[in-house]
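I have placed the structure first, in the form of structure tokens, so that the comments after it can refer back to it.
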Amino acid sequence: MHRAFSSAVILAIGLSGGGGRPGFTQQPAATEILGGPGGSSFSDSELQPGARILEVHVRSGDRVDSVQMLISSPDGRTVMSPKRGGSGGRLNIFRVNRDEYITGVSGRYGDYIDSIRIHTNKRTSALFGGPGGNRDFRVEVPAGNQAVGFAGQAGEYLDAVGLIFASIDTADVGQTTRLAGGRGGSAFLDRDVPPGAAIAEVRVQSGDRIDGIQAVYVLPDGRYVEGERHGGSGGQSGVFRLDSDEYITGLSGRCGDSIDSMRIHTNKRTSQVFGGRGGQSDFRIDIPPGSQAVGFAGRAAEYVDAIGLTYGERDTWWRRPSRRGSYRP
Numbered sequence: 000m001h002r003a004f005s006s007a008v009i010l011a012i013g014l015s016g017g018g019g020r021p022g023f024t025q026q027p028a029a030t031e032i033l034g035g036p037g038g039s040s041f042s043d044s045e046l047q048p049g050a051r052i053l054e055v056h057v058r059s060g061d062r063v064d065s066v067q068m069l070i071s072s073p074d075g076r077t078v079m080s081p082k083r084g085g086s087g088g089r090l091n092i093f094r095v096n097r098d099e100y101i102t103g104v105s106g107r108y109g110d111y112i113d114s115i116r117i118h119t120n121k122r123t124s125a126l127f128g129g130p131g132g133n134r135d136f137r138v139e140v141p142a143g144n145q146a147v148g149f150a151g152q153a154g155e156y157l158d159a160v161g162l163i164f165a166s167i168d169t170a171d172v173g174q175t176t177r178l179a180g181g182r183g184g185s186a187f188l189d190r191d192v193p194p195g196a197a198i199a200e201v202r203v204q205s206g207d208r209i210d211g212i213q214a215v216y217v218l219p220d221g222r223y224v225e226g227e228r229h230g231g232s233g234g235q236s237g238v239f240r241l242d243s244d245e246y247i248t249g250l251s252g253r254c255g256d257s258i259d260s261m262r263i264h265t266n267k268r269t270s271q272v273f274g275g276r277g278g279q280s281d282f283r284i285d286i287p288p289g290s291q292a293v294g295f296a297g298r299a300a301e302y303v304d305a306i307g308l309t310y311g312e313r314d315t316w317w318r319r320p321s322r323r324g325s326y327r328p
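Residue numbers (numbering that gives the first Met the number 0): 0 to 328.
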């Protein structure tokens, strides 16, 4: 007997911005689940905010044995999701490019998922699995959304499969650098960046160390939007303003248990030093060529404990506004 399992459950992955900021009001949802009735139910519903699919691992022979994801976490680490299914068959790896996201899966099924293809916004994978199955299937996420995980049923094999999805506006399609600094404070991530926005200025609170940091964005129509402030409000206020043809490419400074000092690097220049003279080690964080920073990541409480950058491809993120002046609150 072959069944199509329809899922209307909303899976709360906690995609709200740091510090309770309601940047992501739409919770990820699940598509219908297609396949056979066997196996135990599963759902990739424990993703960290800011996580991104880097690879899909498919084990297959005459049928699909299992699916699994390699995920980039917000702090720059890569982690493997749980394997959904068994360990038989041959391992196939489908890599997702930086400007790419998964939009659907298709294939054939009977009592199990016999074959599967992965569809993205740019291409379709090879066919993984065998020639069996008595029904074709295709599962697609709604327009304006991207897959962020799998749902379905599995045991020794992959019995049934569907996708968990979220809005492209709310699901991170950028990347995060490594973090420099200590382990204190709470994690933060500038994910709620308006489409087409560019960093117009960076506000830094500092004294003997970096107390707080905040990005201010300029929209394509020239309006300004303040990002979330990370850290405390102590120290002196400093502002680093970017020109209209300028973008952030890296950070450097000194750190110990917290970020003691910091400079901001752009495609044109380097800022003054913010902070004090302490710290046990130097750090330098650079984003890849062809990219630009779109926000900050790290850990913070009373001070900025650790710092990194979120970034995207320059062609994707850079939208020079018709006008740009100095922001005045």
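Even glycine gets a Cβ: it sits at the ideal position worked out from N, Cα and C.
Nothing here was measured: the structure is a model prediction, and the numbers come from that model.
In DSSP terms, what residue i is bridged to
| i | result |
| --- | --- |
| residue 308 | 295 |
| residue 238 | 202 |
| residue 139 | 103 |
| residue 251 | 262, 283 |
| residue 271 | In DSSP, residue 271 forms no bridge with anything. |
| residue 125 | DSSP lists no partner for residue 125. |
| residue 257 | According to DSSP, residue 257 bridges with nothing at all. |
| residue 150 | 42, 161 |
| residue 230 | 211 |
8 angstroms contact criterion, which residue i and residue j should meet: CB distance rounded
| i | j | result |
| --- | --- | --- |
| residue 145 | residue 100 | 4 angstroms |
| residue 286 | residue 310 | 4 angstroms |
| residue 210 | residue 277 | Contact flag wrong, Cβ pair sits at about 13 angstroms. |
| residue 185 | residue 273 | Between residue 273 and residue 185 the Cβ distance is about 21 angstroms, and since that is not below 8 angstroms, they are no contact. |
| residue 86 | residue 58 | 7 angstroms |
| residue 102 | residue 54 | With a Cβ gap of about 16 angstroms, residue 102 and residue 54 do not count as contacting. |
| residue 154 | residue 60 | No, residue 154 and residue 60 are not in contact; Cβ-Cβ is about 16 angstroms, not under 8 angstroms. |
| residue 253 | residue 280 | 7 angstroms |
| residue 111 | residue 43 | In fact, because the Cβ distance is near 19 angstroms, the residues do not count as touching under 8 angstroms. |
Beta-carbon gap between residue i and residue j smaller than 8 angstroms
| i | j | result |
| --- | --- | --- |
| residue 195 | residue 178 | no |
| residue 109 | residue 134 | yes |
| residue 229 | residue 305 | no |
| residue 262 | residue 200 | no |
| residue 160 | residue 34 | yes |
| residue 251 | residue 282 | yes |
| residue 307 | residue 175 | yes |
| residue 197 | residue 223 | no |
| residue 249 | residue 264 | yes |
| residue 95 | residue 119 | yes |
| residue 71 | residue 183 | no |
Alpha-carbon spacing of residue i relative to residue j, whole angstroms
| i | j | result |
| --- | --- | --- |
| residue 297 | residue 62 | 42 angstroms |
| residue 214 | residue 163 | 31 angstroms |
| residue 312 | residue 244 | 15 angstroms |
| residue 259 | residue 293 | 23 angstroms |
| residue 150 | residue 142 | 19 angstroms |
| residue 237 | residue 270 | 11 angstroms |
| residue 121 | residue 52 | 15 angstroms |
| residue 190 | residue 227 | 10 angstroms |
| residue 255 | residue 181 | 6 angstroms |
| residue 22 | residue 220 | Because residue 22 carries a pLDDT of 25, less than 50, the predicted location of this residue cannot be relied on, and no value is offered for it. |
| residue 137 | residue 77 | 29 angstroms |
| residue 125 | residue 91 | 9 angstroms |
| residue 41 | residue 130 | 25 angstroms |
| residue 79 | residue 203 | 36 angstroms |
| residue 123 | residue 225 | 39 angstroms |
| residue 56 | residue 98 | 19 angstroms |
| residue 81 | residue 235 | 46 angstroms |
| residue 147 | residue 188 | 18 angstroms |
| residue 88 | residue 165 | 31 angstroms |
| residue 93 | residue 127 | 10 angstroms |
| residue 28 | residue 212 | 33 angstroms |
| residue 242 | residue 39 | 55 angstroms |
| residue 247 | residue 132 | 52 angstroms |
Taking contact to mean 3 or more Cβ pairs, one atom from each stretch, closer than 8 angstroms, check whether the segment 55-70 and the segment 110-120 are in contact. yes
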